[in-house]
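Enquirer: Going line by line, the protein sequences match chains Y and P. FYI, the numbering for the first sequence is 3 to 191, going by my numbering. FYI, the numbering for the second sequence is -3 to 236, going by my numbering. Cβ coordinates follow ideal geometry from the N, Cα and C atoms, glycine included.
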Amino acid sequence: MGDDREREEALALLMVAYQNGDAMAFEALYGGVAGPIFGYLRALTRDAARAEDLLQETFLQVHRVRHTFEPGRPVKPWLYAIARNVFLMDRRAAGRRGRHEGLADDELPDVPVPPEVESLADRDAVRRALAQLPPDRREAIVLHHVAGLSFQEVAAVLGVTAGAAKLRAHRGVVELRRLLGGAREAGDA
Amino acid sequence: MREPAALPDRLRRAVAADLRPVRPLRSPALRAVLVAAWVPVALALVLALLGLRRDLPSLGWPMALAALAVEVAFGLALVALALAESVPARGAARIRSLAALGAAAAALVVQAAVTRGASEGVAVPRPLTTHGPACFAFQLAVGVPALALVALLIARAAPLRARWAGLLGGAGAGLVADGVYHLHCPITDLRHVLVWHGAASAALALAGLVAGLAWERRQARAMRRHAMSRADAPRSRPTA
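1. Measuring straight from C-alpha to C-alpha, what distance separates P:Ala10 and P:Ala154?
2. What are the boundary residues of the alpha helix (DSSP H) that P:Trp211 is part of?
3. The ligand NAD heavy atoms versus the CB of Y:Asp92: any closer than 7 Å?
4. Which residues of the region 68 to 80 of chain Y have a Cβ closer than 9 Å to any Cβ of chain P? Give them in chain order.
5. Given a cut-off of 8 Å, decide if P:Ala201 and P:Gly170 are closer than it, judged by their beta-carbon atoms.
6. For P:Val206, go through chain Y and note every residue whose CB falls closer than 9 Å to its CB, in chain order.
7. In its own chain, which residues sit with a C-beta less than 7 Å from the C-beta of P:Gly168, not counting the 5 before and 5 after it?
8. Any C-beta of chain Y sitting closer than 8 Å to the C-beta of P:Val18?
9. Could you say which of Y:Glu72, Y:Val148, Y:Val67, Y:Ala53 lies nearest to P:Val22 if we only look at CA atoms?
10. The alpha helix (DSSP H) that contains Y:His65, what's its start and end?
11. Under 7 Å between beta-carbons, which chain P residues line up against Y:Met91? List them in chain order, please.
12. Taking 8 Å as the threshold (beta carbon to beta carbon), is P:Leu45 in contact with chain Y?
13. When you compare the CB positions of P:Val66 and P:Gln107, do they come within less than 8 Å of one another, or not?
14. State yes or no: is the beta carbon of Y:Leu16 nearer than 8 Å to at least one beta carbon in chain P?
15. Under three-state DSSP, which class holds P:Arg157?
16. Determine whether the Cβ of P:Arg(-2) lies closer than 8 Å to any Cβ atom of chain Y.
17. Cα separation between P:Arg27 and Y:Arg139?
18. Grouping DSSP H, G and I as helix and E and B as strand, with all else coil, what is Y:Ile2?
19. Could you tell me whether the Cβ of Y:Ile143 comes closer than 8 Å to any Cβ of chain P?
20. Cα separation between P:Leu179 and P:Ser197?
21. Relative to the alpha-carbon of P:Leu64, which residue among P:Val191, P:Tyr177, P:Ala203, P:Pro182 has its alpha-carbon at the smallest distance?
22. Please say whether Y:Phe153 and Y:Ala133 have beta carbons closer to each other than 8 Å?
23. For P:Leu136, decide whether its Cβ has a neighbour in chain Y, counting only Cβ atoms nearer than 8 Å.
24. So if I threshold CB-CB distances at 8 Å, which residues from the region 157 to 177 of chain Y count as touching chain P?
25. Can you list, in chain order, the residues of its chain with a C-beta nearer than 6 Å to that of Y:Tyr82? Leave out the 5 residues immediately preceding and following it.
26. Could you give the first and the last residue of the continuous alpha helix (DSSP H) run that contains Y:Asp138?
27. Relative to the alpha-carbon of P:Ala218, which residue among Y:Ala14, Y:Met91, Y:Val175, Y:Gly174 has its alpha-carbon at the smallest distance?
28. When the Cα atoms are used, what is the spatial distance from Y:Tyr42 to Y:Val77?
29. With 16 other CB atoms within 10 Å as the buried threshold, where does P:Val105 fall?
30. Check for me: the alpha helix (DSSP H) holding P:Glu67 runs from which residue to which?
31. Where do the N-terminal and C-terminal ends of the alpha helix (DSSP H) with P:Ser93 fall, by residue?
32. Can you pull the chain B residues whose beta carbon is under 7 Å from the beta carbon of P:Arg157, in chain order?
33. Beta carbons nearer than 8 Å to chain P: which residues of the region 33 to 59 of chain Y have them?
34. Determine, using beta-carbon pairs with one atom in the region 107 to 118 of chain P and one in the region 181 to 198 of chain P, whether at least three such pairs fall under 8 Å.
35. For P:Ile150 and chain Y, any beta-carbon pair shorter than 8 Å?
36. Taking C-alpha atoms, which residue in P:Gly113, P:His222, P:Ala103 lies nearest to P:His56?
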């Protein structure tokens, strides 16, 4: 918990330095958050190559709207909200370009695995189960359990109440357990 | 701790090309004060060009000013919500924004009913048609500059759900305009007030919504252009 706060404070300092024109602060900020945001985008897109593209686009957006970060407020929800918007815009643009979502049945979905459910089955099984969840539940799980955002912050990113964010994540975890239980029983038989 | 990801050259170049210091946006409430500055200007214009409502002796100043204050306060609260919506991760939950819109609509109806209770107003033969289009047009004229100001403030930020920001901002501008125009229009018949004055407020909200949708479409087009331009760019995958 203390580590999280220290990390958040460090990010906030970097963000302020970046707003003041410090290029090194931008690099450090990128180094500190690009990995988790990439994981989040991978969970949304279920496609690593597309997530890479969107990560770059996210940071280009961050650069364009860096003045909208209010010093004193948490950095992570601000960044994740921008990343989410980039994904949504790209999805809309992809729809107009005629590119459609969807994975072949034998394709392993590229989704980060929450540590909370890692012990329930092997990583591939968890990843597969996670990819089967409805997108809103998967998103809440990834933001809370993988990215480490509080429910208040998840709510700010998703534009819902903290209660709704908690409910989505909770229902997602319950469904994940059910899917993994079913998979384990099938494996045992 | 994760390994720091390598910063792609394309991104590094784009950032280096424009690294001027930026001044962070002020809070949504403070920015809403800029829209509040339009209220005295609009009041002065309405009173100078159209005059005070003729039923003021029966309505009384306290009631007239209370209605103005309530509507302007609700309008500015909606504007503050719209400006919060225009900053990433600052917007209210959708259900709360809807509740705020509902409360603002209720304020408009209650204000009309209370005013009607306090004053019979100026009687007109056909309240649904007489003076209605003129009130609609004048109220729009009062609200459009407020809406333009809100739109400018929203565009200066980074609205992620621009349609919501536009809808809230437009409704806020509509309510402010209704409050201001209330000091001129002496017709208190509920049919006139709810249909024509309500329609002017709704039209401004709709205009905000349409502007927001246009903004979102523009963003999606920009995204398509970027997608095409980055197709050839080399990739460096960060560590997740």
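Expert: Based on what the coordinates show:
1. To locate residue 10 of chain P, count along the second sequence from 1; it is residue 14. To locate residue 154 of chain P, count along the second sequence from 1; it is residue 158. So the two alpha carbons sit approximately 19 Å from each other.
2. For the purposes of this step, residue 211 of chain P is identified with residue 215 of the second sequence, where counting begins at 1. Where P:Trp211 is concerned, the enclosing alpha helix (DSSP H) stretches over 194 to 225.
3. Of the ligands one can find in the structure shown there are none, so the ligand NAD has no counterpart to examine.
4. Arg68, His69, Thr70, Phe71, Glu72, Pro73, Arg75, Pro76, Lys78, Pro79, Trp80
5. Here residue 170 of chain P refers to the residue found at position 174 of the second sequence. Here residue 201 of chain P refers to the residue found at position 205 of the second sequence. Yes, Cβ-Cβ distance for P:Gly170 and P:Ala201 is below 8 Å.
6. The sequence position of residue 206 of chain P within the second sequence is 210, counting from 1. What P:Val206 touches in chain Y: nothing, since even the nearest Cβ is about 17 Å away.
7. Reading the second sequence from its first residue, position 172 is the one you call residue 168 of chain P. Once the five neighbours on either side are set aside, the close Cβ partners of P:Gly168 are Gly71, Leu72, Leu74, Val75, Ala78, Val146.
8. The residue given as residue 18 of chain P occupies position 22 in the second sequence. Judged by the 8 Å Cβ criterion, P:Val18 is in contact with chain Y.
9. Position 26 of the second sequence, counted from the first residue, corresponds to residue 22 of chain P. One detail in the question is off: residue 22 of chain P reads as Arg in this sequence, not Val. That would be Y:Glu72, whose Cα lies nearest to the Cα of P:Arg22.
10. Position 63 of the first sequence, counted from the start, is the residue given in the question as residue 65 of chain Y. Residues 50 to 66.
11. The residue labelled residue 91 of chain Y in the question sits at position 89 within the first sequence. Gln215, Ala216, Met219, listed in chain order.
12. Against the second sequence, residue 45 of chain P aligns to sequence position 49. For P:Leu45, the answer is no, since every Cβ of chain Y falls outside 8 Å of its Cβ.
13. The residue labelled residue 66 of chain P in the question sits at position 70 within the second sequence. The residue labelled residue 107 of chain P in the question sits at position 111 within the second sequence. Yes, they are a contact pair.
14. The sequence position of residue 16 of chain Y within the first sequence is 14, counting from 1. It does not; no Cβ of chain P falls within 8 Å.
15. For the purposes of this step, residue 157 of chain P is identified with residue 161 of the second sequence, where counting begins at 1. Coil.
16. By 1-based counting over the second sequence, the position of residue -2 of chain P is 2. Low local confidence applies: a pLDDT of 41 at P:Arg(-2) is under 50, so the model's placement there is unreliable, with the coordinate-based value given in what follows. Yes, contact with chain Y.
17. Numbered from 1 along the second sequence, position 31 holds the residue referred to as residue 27 of chain P. Numbered from 1 along the first sequence, position 137 holds the residue referred to as residue 139 of chain Y. Cα-Cα distance, rounded: 35 Å.
18. Only positions 3 to 191 of chain Y appear in this structure, which leaves residue 2 of chain Y out of reach.
19. On the first sequence, position 141 is the one that residue 143 of chain Y refers to. Chain P contact via Cβ: absent.
20. Your numbering for residue 179 of chain P matches position 183 in the second sequence. Your numbering for residue 197 of chain P matches position 201 in the second sequence. Distance between the alpha carbons of P:Leu179 and P:Ser197: 16 Å.
21. For the purposes of this step, residue 64 of chain P is identified with residue 68 of the second sequence, where counting begins at 1. Nearest option by C-alpha distance: P:Tyr177.
22. Taking the first sequence and counting its residues from 1, one reaches residue 133 of chain Y at position 131. Taking the first sequence and counting its residues from 1, one reaches residue 153 of chain Y at position 151. Contact flag unset, no.
23. Reading the second sequence from its first residue, position 140 is the one you call residue 136 of chain P. Closer than 8 Å: no.
24. Ala157, Ala158, Val159, Gly161, Val162, Thr163, Ala166
25. In the first sequence, counting from the first residue as 1, residue 82 of chain Y sits at position 80. Contacts found: Val159.
26. By 1-based counting over the first sequence, the position of residue 138 of chain Y is 136. Looking at the DSSP string, the run of the alpha helix (DSSP H) that includes Y:Asp138 is 137 to 143.
27. Taking the first residue of the second sequence as 1, we reach residue 218 of chain P at position 222. When each option's Cα is compared against that of P:Ala218, the closest is Y:Met91.
28. For the purposes of this step, residue 42 of chain Y is taken as the residue at position 40 of the first sequence. For the purposes of this step, residue 77 of chain Y is taken as the residue at position 75 of the first sequence. Their Cα atoms are separated by approximately 16 Å.
29. Translated into positions along the second sequence, residue 105 of chain P becomes position 109. Exposed, since its Cβ has fewer than 16 Cβ neighbours within 10 Å.
30. One-based indexing of the second sequence puts residue 67 of chain P at position 71. Counting along the chain, the alpha helix (DSSP H) containing P:Glu67 begins and ends at 57 to 81.
31. As a working mapping, residue 93 of chain P is identified with position 97 in the second sequence. Run containing P:Ser93: 90 to 114, per the alpha helix (DSSP H) assignment.
32. In the displayed structure, chain B is absent; the protein chains listed are Y and P.
33. Gly33, Gly34, Ala36, Gly37, Pro38, Phe40, Gly41, Arg44, Ala50, Ala51, Glu54, Asp55, Leu57, Gln58, Glu59
34. yes
35. Here the question's residue 150 of chain P lines up with position 154 in the second sequence. Closer than 8 Å: no.
36. Against the second sequence, residue 56 of chain P aligns to sequence position 60. The sequence as given places Gly at residue 56 of chain P; His does not occur at that position. Considering only alpha carbons, the answer is P:Gly113.
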